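K.L.:
Pasting a structure here, questions to come.
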Amino acid sequence: MIPVGFGIRLEQIKTEAPKKMRQVLIQRGHYEGERISALTQFYVILTVIFILNTILDIYNLEANQLEEKIFRFKNINMLICALAYPLLDKSTYRLITYIENQGHTGLAFKSTPARKTLQHQLNAELYHVNKLTSTIVVSTLGTLSVAPLLAAIFKIYVQKSVGSQIDVSRFALPISFWYPEQFKTTFVYFSLYVLQVIYIYLFAGYMYCGLTSGIMALKITIYYLKLLCLTVEEWDGNDMENNYDANYENFDDGENSTGSKNMRKFENNIVEHDLSLLKTDIVNVIKFHDIICSRASGMNKDFEMMYTILNNTICFQMCVCLYSSAKMNDLVLKIENFLIIMPLAGMLFLYCFYAQQLLNEGEKFRTTLWESNFIDKPKWFKSSMLIIMIRIAKELEIKPFGFYVLNLRTFSMVL
Numbered sequence: 029m030i031p032v033g034f035g036i037r038l039e040q041i042k043t044e045a046p047k048k049m050r051q052v053l054i055q056r057g058h059y060e061g062e063r064i065s066a067l068t069q070f071y072v073i074l075t076v077i078f079i080l081n082t083i084l085d086i087y088n089l090e091a092n093q094l095e096e097k098i099f100r101f102k103n104i105n106m107l108i109c110a111l112a113y114p115l116l117d118k119s120t121y122r123l124i125t126y127i128e129n130q131g132h133t134g135l136a137f138k139s140t141p142a143r144k145t146l147q148h149q150l151n152a153e154l155y156h157v158n159k160l161t162s163t164i165v166v167s168t169l170g171t172l173s174v175a176p177l178l179a180a181i182f183k184i185y186v187q188k189s190v191g192s193q194i195d196v197s198r199f200a201l202p203i204s205f206w207y208p209e210q211f212k213t214t215f216v217y218f219s220l221y222v223l224q225v226i227y228i229y230l231f232a233g234y235m236y237c238g239l240t241s242g243i244m245a246l247k248i249t250i251y252y253l254k255l256l257c258l259t260v261e262e263w264d265g266n267d268m269e270n271n272y273d274a275n276y277e278n279f280d281d282g283e284n285s286t287g288s289k290n291m292r293k294f295e296n297n298i299v300e301h302d303l304s305l306l307k308t309d310i311v312n313v314i315k316f317h318d319i320i321c322s323r324a325s326g327m328n329k330d331f332e333m334m335y336t337i338l339n340n341t342i343c344f345q346m347c348v349c350l351y352s353s354a355k356m357n358d359l360v361l362k363i364e365n366f367l368i369i370m371p372l373a374g375m376l377f378l379y380c381f382y383a384q385q386l387l388n389e390g391e392k393f394r395t396t397l398w399e400s401n402f403i404d405k406p407k408w409f410k411s412s413m414l415i416i417m418i419r420i421a422k423e424l425e426i427k428p429f430g431f432y433v434l435n436l437r438t439f440s441m442v443l
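The sequence shown begins at 29 in this note's numbering and counts up by one.
Here it is as structure tokens:
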């Protein structure tokens, strides 16, 4: 049994998580339907400065410094991803609105214990998705922020212990930044460090909103497909038989011949009631499936730029992190690159896994329809089933720009 307090918490996640994401975007200067604020413009300008500075740094490196150049290209790759997120705030807001509107479809399905259980499972999974994505983002960008500082403190300790002058030129920053030798002092280094940590904090908020809103939207769509499967399974007669038995217990057949007439009238009423429920259900299924297809198409458009950039960024970052952890001499930075790989792989796995679940549930819905008992149903029911079967021929897949499908096969190919 789930504790009452935890159950309430699961119900609140549907409103708390979107509210938190909206607050994060507003704190960064993004108001829904309005132009970006000065803070967002500062973030974008700072990103462009970091990119141009890194390009200049690559230009100043010697031809034989291949490893250093690769490391800086890694920074440019991450900065391009960081630049894209504030420009995709409209897509993020649409996904957040989709999460907030979960359950508001304008269609009324009969409340059953199975549907309540399914809703509770969705709330639990949304709760865990919110916790998981925030943990992954914090661990990834937290490691990126803290590791260079630990390496710098360790070098300062070593240099002071041997009595040598502190050489700031060998201190790493979270984002590589070139500046003239005469300005390479401890004060300048830590000032740049604080500025970059603030920048990474802003970036972490964008990544949290983009990742969480996308995965939650996928999870809700998967829940909708499960709800459709459950409705189709109820068409096979079990609910009708239960409805008949439940009403028959309260039926008084009388003491004479009128009992037979009452019985026939009772049976006709039950049949008419069942057919009415069946018509309502099948109309709701057709409308609901249309809503799902429409929202899946909208999600695909919102995911296109967001997940294409994120996917390319993660792939490149993982490759460079593996290379750096094997080649770098600095032990702390070697460990940093190795640790970053795990949450990066976790991000990639999450959205590929839920996109795969969407494909699986779509296939399950098709199978459930084909296996349903529609032989003894009325003609109008069979015609409606044909309409649904034609509409479900197209798979509900997340396919950014039509280049590749997000699924577990994509994840395995990247790894």
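All C-beta atoms, glycine included, are put in the ideal place defined by N, C-alpha and C. What you are looking at is a predicted structure, and each value in this text was computed from that prediction instead of being measured.
How would you call Pro-208, buried or exposed, if buried means at least 16 neighbouring beta carbons within 10 angstroms?
P.N.:
The residue you call residue 208 lines up with position 180 of the sequence shown. Flag for Pro-208 reads exposed.
K.L.:
Would you call Ile-127 buried or exposed, if buried means 16 or more other Cβ atoms sit within 10 Å of its Cβ?
P.N.:
Counting from 1 along the sequence shown, the entry for residue 127 is found at position 99. So Ile-127 counts as buried.
K.L.:
How big is the Cα-Cα spacing for Gln-345 and Leu-305?
P.N.:
Position 317 of the sequence shown holds residue 345. Position 277 of the sequence shown holds residue 305. Near 54 Å, if we compare the C-alpha coordinates of Leu-305 and Gln-345.
K.L.:
Please report the Cβ distance between Thr-240 and Thr-161, rounded to the nearest whole angstrom; I am assuming they are in contact, meaning their Cβ atoms lie under 8 Å.
P.N.:
The residue you call residue 240 lines up with position 212 of the sequence shown. The residue you call residue 161 lines up with position 133 of the sequence shown. About 4 Å separates the two Cβ atoms, so the contact holds.
K.L.:
Identify, in the order they occur along the chain, each residue of the same chain with its Cβ nearer than 8 Å to the Cβ of Leu-84, setting aside the five sequence neighbours on each side.
P.N.:
For this step, residue 84 is matched to residue 56 along the sequence shown. So the qualifying residues of the chain are Trp-206.
K.L.:
Taking Ile-127 as part of the alpha helix (DSSP H), name the residues at either end of that continuous run.
P.N.:
Within the sequence shown, numbered from 1, the residue matching residue 127 stands at position 99. Ile-127 -> alpha helix (DSSP H) spans 117-128.
K.L.:
Measure the CB-CB distance between Leu-230 and Arg-394 and report whether it falls below 8 Å.
P.N.:
Walking along the sequence shown from the start, residue 230 turns up at place 202. Walking along the sequence shown from the start, residue 394 turns up at place 366. No, the Cβ-Cβ distance between Leu-230 and Arg-394 is not below 8 Å.
K.L.:
So within the segment 329-368, which uninterrupted alpha helix (DSSP H) runs reach at least 4 residues, ignoring any that extend past its ends?
P.N.:
Correct list: empty.
K.L.:
Between which residues of its own chain and Ile-314 is the CB-CB distance below 7 Å, once the five residues before and five after are set aside?
P.N.:
Looking up residue 314 in the sequence shown gives position 286. Cβ neighbours of Ile-314 beyond the five flanking positions: Ser-412, Ile-415, Ile-416.
K.L.:
May I have the straight-line CA-CA distance separating Cys-257 from Gln-224, to the nearest angstrom?
P.N.:
By one-based count along the sequence shown, residue 257 stands at place 229. By one-based count along the sequence shown, residue 224 stands at place 196. Distance between the alpha carbons of Cys-257 and Gln-224 is about 49 Å.
K.L.:
Label Asn-435 either buried or exposed according to how many other C-beta atoms from any shown protein chain fall within 10 Å of its C-beta, with 16 as the threshold for buried.
P.N.:
The residue given as residue 435 occupies position 407 in the sequence shown. By the 10 Å Cβ count, Asn-435 comes out buried.
K.L.:
Count the other C-beta atoms from every protein chain shown that fall within 10 angstroms of the C-beta of Val-165, then say buried if there are 16 or more, exposed otherwise.
P.N.:
Residue mapping note: residue 165 aligns to position 137 of the sequence shown, counting from 1. Buried, by the Cβ-count rule.
K.L.:
Between the segment 72-82 and the segment 110-125, are three or more C-beta pairs nearer than 8 Å?
P.N.:
Yes: at least three Cβ pairs fall under 8 Å.
K.L.:
Using the three-state DSSP reduction, which class does Leu-246 fall into: helix, strand or coil?
P.N.:
Counting from one through the sequence shown, the residue named residue 246 turns up at place 218. Three-state DSSP puts Leu-246 in a helix.
K.L.:
Rounding to the nearest angstrom, what Cα-Cα distance links Leu-154 and His-317 in this structure?
P.N.:
In the sequence shown, residue 154 corresponds to position 126, counting from 1. In the sequence shown, residue 317 corresponds to position 289, counting from 1. Each residue's Cα considered, the two are about 22 Å apart.
K.L.:
On the CB-based measure, 16 or more other CB atoms within 10 Å of its CB, does Asp-195 come out buried or exposed?
P.N.:
Walking along the sequence shown from the start, residue 195 turns up at place 167. With fewer than 16 Cβ atoms within 10 Å of its Cβ, Asp-195 is classed as exposed.
K.L.:
According to the Cβ coordinates, are Leu-397 and Val-260 closer than 8 Å?
P.N.:
By 1-based counting over the sequence shown, the position of residue 397 is 369. By 1-based counting over the sequence shown, the position of residue 260 is 232. Yes, the Cβ-Cβ distance between Leu-397 and Val-260 is below 8 Å.
K.L.:
State whether the segment 345-357 contacts the segment 215-222, with contact taken as three or more CB pairs (one from each stretch) at a distance under 8 Å.
P.N.:
Not touching, per the Cβ criterion.
K.L.:
Excluding sequence positions up to five away, which residues of its chain have a Cβ less than 7 Å from the Cβ of Glu-389?
P.N.:
Counted from its first residue, the sequence shown places residue 389 at position 361. Taken in chain order, the residues that qualify are Ile-250, Leu-253, Lys-254.
K.L.:
Cβ atoms of Ile-124 and Met-235: under 8 Å apart, would you say?
P.N.:
For the purposes of this step, residue 235 is taken as the residue at position 207 of the sequence shown. For the purposes of this step, residue 124 is taken as the residue at position 96 of the sequence shown. Taking 8 Å as the Cβ cut-off, Met-235 and Ile-124 do not qualify as a contacting pair.
K.L.:
The alpha helix (DSSP H) spanning Gln-149 covers which residue range?
P.N.:
The residue labelled residue 149 in the question sits at position 121 within the sequence shown. Segment 141-189, the alpha helix (DSSP H) holding Gln-149.
K.L.:
Kindly indicate which residue of Val-190, Trp-408, Tyr-382, Gln-187 has the alpha-carbon position closest to the one of Leu-424.
P.N.:
Numbered from 1 along the sequence shown, position 396 holds the residue referred to as residue 424. Checking every option, the nearest Cα to that of Leu-424 belongs to Tyr-382.
K.L.:
Quick check on the burial criterion: 16 or more other C-beta atoms within 10 angstroms. Buried or exposed for Gln-130?
P.N.:
Position 102 of the sequence shown, counted from the first residue, corresponds to residue 130. Buried, since its Cβ has 16 or more Cβ neighbours within 10 Å.
K.L.:
Buried or exposed, going by whether 16 or more other CB atoms sit within 10 Å of the CB of Glu-269?
P.N.:
Numbered from 1 along the sequence shown, position 241 holds the residue referred to as residue 269. With a pLDDT of 45 at Glu-269, under the threshold of 50, the modelled position of this residue cannot be trusted, and the question is left open.
K.L.:
Which residue from Phe-101, Ile-320, Leu-386, Cys-380 puts its Cα closest to that of Thr-336?
P.N.:
Looking up residue 336 in the sequence shown gives position 308. Checked all of Phe-101, Ile-320, Leu-386, Cys-380; the closest Cα to Thr-336 is Cys-380.
K.L.:
Across the segment 168-178 and the segment 362-378, are there enough close Cβ pairs to call them in contact, namely three or more that are closer than 8 Å?
P.N.:
The segment 168-178, when compared against the segment 362-378, does touch it at the 8 Å Cβ threshold.
K.L.:
State the Cα-Cα distance for the pair Phe-211 and Asn-151, rounded to the nearest angstrom.
P.N.:
The residue you call residue 211 lines up with position 183 of the sequence shown. The residue you call residue 151 lines up with position 123 of the sequence shown. Approximately 53 Å, taken between the alpha carbons.
K.L.:
Which residue's Cα is closest to the Cα of Gln-385: Lys-247, Val-311, Cys-343?
P.N.:
For the purposes of this step, residue 385 is identified with residue 357 of the sequence shown, where counting begins at 1. Comparing Cα positions, the closest option is Lys-247.
K.L.:
Would Arg-100 be called buried (16 or more neighbouring beta carbons within 10 Å of its own) or exposed?
P.N.:
The residue given as residue 100 occupies position 72 in the sequence shown. Per the 10 Å Cβ criterion, buried.
K.L.:
When the distance is taken between beta carbons, is Ile-104 closer than 8 Å to Ile-79?
P.N.:
Residue 79 sits at position 51 when you count from the first residue of the sequence shown. Residue 104 sits at position 76 when you count from the first residue of the sequence shown. Yes, Cβ-Cβ distance for Ile-79 and Ile-104 is below 8 Å.
K.L.:
Look at the Cβ atom of Leu-372, then the Cβ atom of Thr-168, and state whether they are nearer than 8 Å.
P.N.:
In the sequence shown, the residue the question calls residue 372 occupies position 344. In the sequence shown, the residue the question calls residue 168 occupies position 140. For Leu-372 and Thr-168, yes; Cβs fall inside 8 Å.
K.L.:
Can you tell me whether DSSP reads Glu-44 as helix, strand or coil?
P.N.:
As a working mapping, residue 44 is identified with position 16 in the sequence shown. Of the three classes helix, strand and coil, the one that applies to Glu-44 here is helix, per DSSP.
K.L.:
DSSP three-state call for Phe-78: helix, strand or coil?
P.N.:
Here residue 78 corresponds to residue number 50 of the sequence shown, with the count starting at 1. Note: Phe-78 maps to helix in three-state DSSP.
K.L.:
Near Leu-146, which residues of its chain fall below 8 Å by C-beta distance, leaving aside the five closest residues on each side in sequence?
P.N.:
Position 118 of the sequence shown, counted from the start, is the residue given in the question as residue 146. If we look at Leu-146 and ignore the five residues flanking it on each side, its Cβ neighbours are Tyr-251, Lys-254, Leu-255, Leu-258.
K.L.:
When you compare the CB positions of Val-157 and Ile-243, do they come within less than 8 Å of one another, or not?
P.N.:
To locate residue 157, count along the sequence shown from 1; it is residue 129. To locate residue 243, count along the sequence shown from 1; it is residue 215. Contact: yes.
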